[in-house]
Amino acid sequence: MTASPGGGLPGPYGSGGGGANLADILERVLDKGIVIAGDIKINLLDIELLTIKLRLIVASIDKAKEMGIDWWEDDPALSSGARRAELARENNELKQRLAELEERDALEPAETKAETKARAKASEGDT
Amino acid sequence: MNAANADQHGGGPHHDDLRYVYAVCRPLAAPLAADLTGVGGVPPRQLVHGDLVALVGPVPERDFAEQPLRAHLEDLDWLSETARAHQRVIDALTTVTCPLPLRLATVFRDDSGVRAMLEDGSERFRRVLERIDGRVEWGVKVYMENAEEAKDTASEASDAPRSGRDYLRRRRSQRTAQEENWQRAEGFARELHERLSGHADDSRLHAPQNSELSRTPGRNVLNAAYLVSRAHSEEFVELVDRTKDEGAGAGPLRVELTGPWAAYSFTGDADDEEGTTA
């Protein structure tokens, strides 16, 4: 970076100069900055781009990775540890659901179970 | 387009290109980097009108006329590339002046449209440029790490919940702890904002960033912008740096600093900014 008038300006922190954090950049270029009615009329506020797009970004991490947007990987709080925590949470929920299903299964009438088994056998024979 | 709109930048761009305007500023004292490119990979140029300058770049009508532009804005790929290009130009400009950044995709038919815009808004532009002169914007965010999920990971290894009821009970107690953390985080954020505002010429509180949507452990409890003179910026940065340790001490809080930005959050007139002033 070249020297600034007034000098002594600290180097870029985070996304300012480095251009790393897309969410921060989108927040500013879409939502802040002076609004001037150009000849081409697009009202960004109408489209609610900020929320829609940010939602897209965070909702489809795989899609974003495909496009090379991986800013969250530089962010310690959002890195693999975070996804491990999410997996642990899902794991717990699945265990709970499994326990519920097993309980319900035990109460089910015997003939239903027999039927299910018979069907399973039949389909095994098919393959 | 008619012949009256003769191209002033010569060569390259087509006559029917539209004009993408990045920023309005005072005439530049130093030149922009020669290799700087903006939207579409094209270098921006200065369109001087009186004592104001618009930084403009030619963009193709096939991408920036109303219909294609609307469609493009729904395309995340295109949007992020354009946003980065826009920010690249604003960043470069911020190293040589204190520009007034325009919102993404402000497009005019031709140079005369840009001139008319500068003429019509000249009073407003001068007023805002005066206000942000010699100043930059710093962004400060406070995140609360998600204690709930962290605990889950810790307990997961040693003792998994034995039953659904056990699991739900555990979640409930975690939620109470989370509530306390949340209040502590808010208190910390409020106090930090007051302190930083005292060291800034102006400040804005923005909506927390996509916290519920992100499904990640960081919950954004403060998202603020501070207008700070270049001369005091180093001091301001040091002040924020010091609070990072305090945040770590006050529960699982993380303070994040971004900048220096052009004064994006301070481009409105004093009268048309309702309720955002801290």
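Those protein sequence lines, which keep their order, are chains A and B. Quick note on numbering: my numbering labels position 127 of the first sequence as 127, and the sequence is numbered without any gaps. For my numbering, add 127 to where a residue sits in the second sequence, where the first one is 1. Glycine included, C-beta positions come from ideal geometry on N, C-alpha and C. Since we're looking at a predicted model, the values are computed, not measured.
- DSSP, reduced to helix, strand and coil, places B:Ala312 within a helical segment of the structure shown.
- As computed with DSSP, B:Lys268 is found in a beta bridge with B:Asn350, B:Glu383.
- Contact annotation for A:Asp24 against chain B: Gly266, Thr385 [CB-CB distance below 7 Å, chain order].
- The C-beta of A:Asp105 comes no closer than 9 Å to any C-beta of chain B.
- For A:Asn43, none of the residues of chain B pass the 8 Å Cβ criterion, the least Cβ distance being about 10 Å.
- DSSP places B:Ala181 in the strand class (E or B) of the three-state scheme.
- In the DSSP assignment, B:Ala150 falls within the beta strand (DSSP E) that extends over 145–152.
- Straight-line spacing of the CA atoms in B:Gln305 and B:Arg317 works out to 18 Å.
- When 8 Å is used as the limit between beta carbons, A:Leu94 is near no residue of chain B, the shortest such separation being about 11 Å.
- The Cβ atoms of A:Ile25 and B:Ala210 lie closer than 9 Å to each other.
- For a cut-off of 8 Å, the C-beta gap from B:Arg254 to B:Val355 is around 20 Å, too long to register as a contact.
- Taking the Cα positions, B:Asp218 is about 30 Å away from B:Glu272.
- Distance from the CA atom of B:Ala192 to the CA atom of B:Cys225, rounded to whole angstroms, is 30 Å.
- With fewer than 16 other Cβ atoms inside 10 Å of its own Cβ, B:Leu295 counts as exposed.
- Residue environment analysis places B:Val175 among the exposed positions, since fewer than 16 neighbouring C-beta atoms fall within 10 angstroms of its C-beta.
- Between the C-alpha atoms of B:Val223 and A:Gly11 there is a straight-line separation of about 14 Å.
- The beta carbons of B:Val151 and A:Ile42 sit no closer together than 9 Å.
- In its chain, beyond the 5 residues on either side, no residue has a beta carbon closer than 6 Å to the beta carbon of A:Arg89.
- Buried is the label assigned to B:Ser392, since at least 16 other Cβ atoms lie within 10 Å of its Cβ.
- Note on B:Thr303: under 16 other CB atoms within 10 angstroms of its CB, so exposed under the neighbour-count rule.
- Annotation: the continuous beta strand (DSSP E) that includes B:Val175 extends over 172–176.
- Put simply, the CB of B:Phe315 is far from chain A, with every gap to its CB atoms at 9 Å or more.
- Restricting attention to B:Arg172, B:Gly291, B:Val148, the CA atom closest to the CA of B:Pro158 is found in B:Arg172.
- With 16 or more other CB atoms across the displayed protein chains lying within 10 angstroms of its CB, B:Arg346 is buried.
- Beta-bridge annotation (DSSP): B:Pro195 is not paired with any residue.
- DSSP places B:Ser239 outside any beta strand (DSSP E); the residue lies instead in the alpha helix (DSSP H), whose first and last residues are 238–247.
- Check the Cα spacing between B:Val186 and each of B:Ala156, B:Phe363, B:Val234: the tightest is with B:Val234.
- Membership of B:Ser207 in the alpha helix (DSSP H) is indicated by the continuous run 203–221.
- Within the region 198–224 of chain B, Leu200, Glu201, Leu203, Asp204, Leu206, Ser207, Thr209, Ala210, Arg211, His213, Gln214, Arg215, Ile217, Asp218, Ala219, Thr221, Thr222, Val223, Thr224 place their CB atoms closer than 9 Å to a CB of chain A, listed in sequence order.
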